[in-house]
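Residue numbers (the numbering used here), protein chains in the order written: chain A, 133 to 340; chain B, 133 to 340.
Worksheet: one structure, shown below.
2 protein chains.
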Amino acid sequence: IVSKKIVERLTIYKREIEKLIKEGKETIFSYELEKITGIPATTIRKDFSILGVKLGHVKYGYNLIYLKRVFDEILGVKKPWNIAIVGIGNLGRALMGYTGFEKRNFNVICGFDIDEKVVGTKYNNKPIFHLNEAPQILKEYDIHIIVLTVPSEVTESVFKYFYDLGIRAFLNLTPVIINCSSCVYVENVDLTSPLEKLTYYVDKNICN
Amino acid sequence: IVSKKIVERLTIYKREIEKLIKEGKETIFSYELEKITGIPATTIRKDFSILGVKLGHVKYGYNLIYLKRVFDEILGVKKPWNIAIVGIGNLGRALMGYTGFEKRNFNVICGFDIDEKVVGTKYNNKPIFHLNEAPQILKEYDIHIIVLTVPSEVTESVFKYFYDLGIRAFLNLTPVIINCSSCVYVENVDLTSPLEKLTYYVDKNICN
Ligand SMILES: NC(=O)c1ccc[n+]([C@@H]2O[C@H](COP(=O)([O-])OP(=O)(O)OC[C@H]3O[C@@H](n4cnc5c(N)ncnc54)[C@H](O)[C@@H]3O)[C@@H](O)[C@H]2O)c1
Ligand SMILES: NC(=O)c1ccc[n+]([C@@H]2O[C@H](COP(=O)([O-])OP(=O)(O)OC[C@H]3O[C@@H](n4cnc5c(N)ncnc54)[C@H](O)[C@@H]3O)[C@@H](O)[C@H]2O)c1
């Protein structure tokens, strides 16, 4: 089992490698990956050896298709993962229809909500159940990951409800930081960090 | 002007520092920040010296309030930034109502769309203009950043339209990678990387 920080860097390596493959590149050296990601080449080589990546070819570097295969394997993205979205408002609906998930083997199975106007309907051909139907639906469809797009006031209580039902992985899109015990994994997404990077450049009026 | 990679790390430092301040901590050493972020302490110290941060106190470390003030200054987040959202569908509406932006001095001024049913209405008290009204609206409200939440098919053309109107900073939430020339800054956000981190943990059935 590798540290959380290596997993963090692993998704960065994978994303950049996928971009390079799309651009038609075949190999890469660790110092080139350093230029693209900003992660020191020594850290990259250390990570690769911990992750079990074979040494790169002295003349050509690492083969990109090989790297992607190894990383997909480690990240467990080869298996299809069933996910459910909780809180089918604006953001929840956008995620129910997002094609980016299916392409990476994430199947959005259904949604959960408490609003009578929404429960029992379908969005993008996926059913929306009432929150209190979750116990049997999670088992029936083998759902292991919950995406939270509920109003901030109910984030903690909805998280606890699904934790008690055995869910151990959450993608939290609400602005509330969830206090969690051990044995659960929460990934928080916040759109303001990318915006702050933009303001740095606009503020200094600089080009790339 | 610092490198893109340092700006990338800067937003990570700032986010972690804000969390620590919220938890009531007052100082931090670079080796503690390394444990939290995974960024080597040598890189942290080098970044801090490039960013003009005063050396930490030998016994106590760096003062967190001081660090946040310096980083806010550098990132230009002290000034209010006017932004507009283009494509007021599910995702666009979620962003029009997102409280996380106002808290960090980002003012969502308005939206742009082409759908007659949406143009001329308001969402969360903010007006939605037709795309062809952008030339005068951007100037009138001093808008410097555009958030793209349009369908993938039109990402490139809408990007080009705003680039030609002088916009140099874009937050791209569509799955299309925009080919951009120099002198423009695009931040791409993709929800599948955080999901891939989750699958690593669920797959290995490990606790934090
Ligand atoms: N991370 C980001 O960058 C970002 C961006 C936009 C919005 N958000 C956040 O996403 C969340 C949703 O935003 P929105 O614009 O879609 O809001 P919304 O009000 O349109 O949708 C909320 C939905 O949650 C449902 N709901 C309420 N209580 C519930 C409960 N106990 N169990 C299940 N469902 C429940 C409501 O019925 C509604 O359908 C908010 O917390 C918002 O702050 C985050
Ligand atoms: N980054 C992510 O993780 C993520 C998540 C969900 C959705 N998305 C993406 O966000 C985008 C929007 O998703 P959605 O569910 O809100 O779609 P949607 O169809 O609900 O909304 C699209 C809106 O764009 C408008 N539009 C179409 N052409 C336009 C043009 N030329 N100029 C201005 N407006 C135009 C439409 O009228 C509509 O209001 C899609 O590209 C989707 O793939 C990304």
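Here a beta-carbon is modelled for each residue, glycine too, at the ideal position from N, C-alpha and C.
Does the beta-carbon of residue i have 16 or more other beta-carbons within 10 angstroms, so that it is buried, or is it exposed?
| i | result |
| --- | --- |
| E319/B | buried |
| S162/A | buried |
| N304/B | buried |
| V190/B | exposed |
| T175/A | buried |
| T243/A | The sequence as given places Gly at residue 243/A; Thr does not occur at that position. Counting Cβ neighbours within 10 Å, G243/A comes out buried, since at least 16 surround it. |
| Y145/A | buried |
| R201/B | exposed |
| Y255/A | buried |
| D296/B | exposed |
| D179/A | buried |
| L393/B | Absent from the structure is residue 393/B, since the part of chain B shown begins at 133 and ends at 340. |
With residue i and residue j assumed to form a contact (beta carbons below 8 Å), what rounded beta-carbon distance in angstroms separates them?
| i | j | result |
| --- | --- | --- |
| V139/B | K329/A | 5 Å |
| E150/B | N195/B | 14 Å between Cβ atoms; not a contact. |
| K232/B | T331/A | The identity of residue 232/B in the sequence shown is Gly, whereas the question assumes Lys. About 15 Å; that fails the 8 Å criterion. |
| I153/B | I182/B | Going by Cβ atoms, the distance from I153/B to I182/B rounds to 23 Å, so no, they are not a contact pair. |
| D245/A | L263/A | 7 Å |
| F261/B | V251/B | 7 Å |
| T281/A | L227/A | 7 Å |
| G193/A | I160/A | 5 Å |
Which residue from the options puts its Cα closest to that of residue i?
| i | options | result |
| --- | --- | --- |
| I133/B | Y192/B, P259/B, I206/B, E265/B | I206/B |
| G229/B | Y332/A, T306/A, V185/A, Y333/A | T306/A |
| Y333/A | S181/B, K186/B, V251/B, V209/B | V209/B |
| K292/B | C312/B, V308/B, T281/B | C312/B |
| P326/B | H189/A, V279/A, V185/A | V279/A |
| D335/B | D322/A, V316/A, D335/A | V316/A |
| T253/B | R225/B, Q268/B, P267/B, S289/B | R225/B |
| E155/A | D322/B, I309/B, L199/B | I309/B |
| K235/B | A266/A, V290/A, D322/A, V185/A | D322/A |
| A173/B | F203/B, Q268/B, R141/B, S284/B | R141/B |
| F294/B | P267/B, S284/B, P283/B | P267/B |
| P283/A | D204/A, D247/A, K258/A | D247/A |
| V204/A | E265/A, R147/A, R177/A, K137/A | Checking the displayed sequence, the identity of residue 204/A turns out to be Asp instead of Val. Of the candidates E265/A, R147/A, R177/A, K137/A, the one whose C-alpha sits nearest the C-alpha of D204/A is R147/A. |
Against chain A, does residue i count as a neighbour if the rule is that its beta carbon must be under 8 Å from one of theirs?
| i | result |
| --- | --- |
| F233/B | yes |
| E288/B | no |
| N257/B | no |
| D296/B | no |
| T331/B | yes |
| N222/B | yes |
| I133/B | yes |
| K336/B | yes |
| L207/B | yes |
| A173/B | no |
| G243/B | no |
| P307/B | yes |
| I277/B | yes |
| Q225/B | Reading the sequence as shown, one finds Arg at residue 225/B and not Gln. Taking Cβ atoms only, chain A reaches closer than 8 Å to R225/B, which makes this a yes. |
| G170/B | yes |
Applying a beta-carbon distance threshold of less than 7 Å, which residues of chain E neighbour residue i?
| i | result |
| --- | --- |
| P326/A | Going by chain labels, chain E is absent from the structure shown, which instead holds the protein chains A and B. |
Output yes if chain B places a C-beta closer than 8 Å to the C-beta of residue i; else output no.
| i | result |
| --- | --- |
| N340/A | Residue placement at N340/A is poorly supported in this model, since its pLDDT is 44, which falls under 50; the coordinates still yield a value, given next. With 8 Å as the cut-off, N340/A counts as an interface residue toward chain B. |
| E140/A | yes |
| K254/A | no |
| D274/A | no |
| R147/A | yes |
| T143/A | yes |
| F238/A | yes |
| K157/A | no |
| R300/A | yes |
| K292/A | no |
| G219/A | no |
Less than 7 Å separating the Cβ of residue i from some heavy atom of ligand 4?
| i | result |
| --- | --- |
| I220/A | Absence of ligand 4 from the depicted structure is noted, with ligand 1 and ligand 2 being the only ligands included. |
(message) Any contact between the region 199 to 217 of chain A and the region 267 to 278 of chain A? By contact I mean 3 or more CB pairs, one from each, below 8 Å.
(response) yes
(message) With three or more C-beta pairs closer than 8 Å as the rule, is the region 233 to 241 of chain A touching the region 291 to 303 of chain A?
(response) no
(request) Report yes or no: do three or more beta-carbon pairs, one from the region 326 to 340 of chain A and one from the region 149 to 168 of chain B, lie closer than 8 Å? (result) no
(request) Check whether the region 166 to 185 of chain A touches the region 217 to 228 of chain A, taking contact to mean three or more Cβ pairs, one atom from each stretch, closer than 8 Å. (result) no
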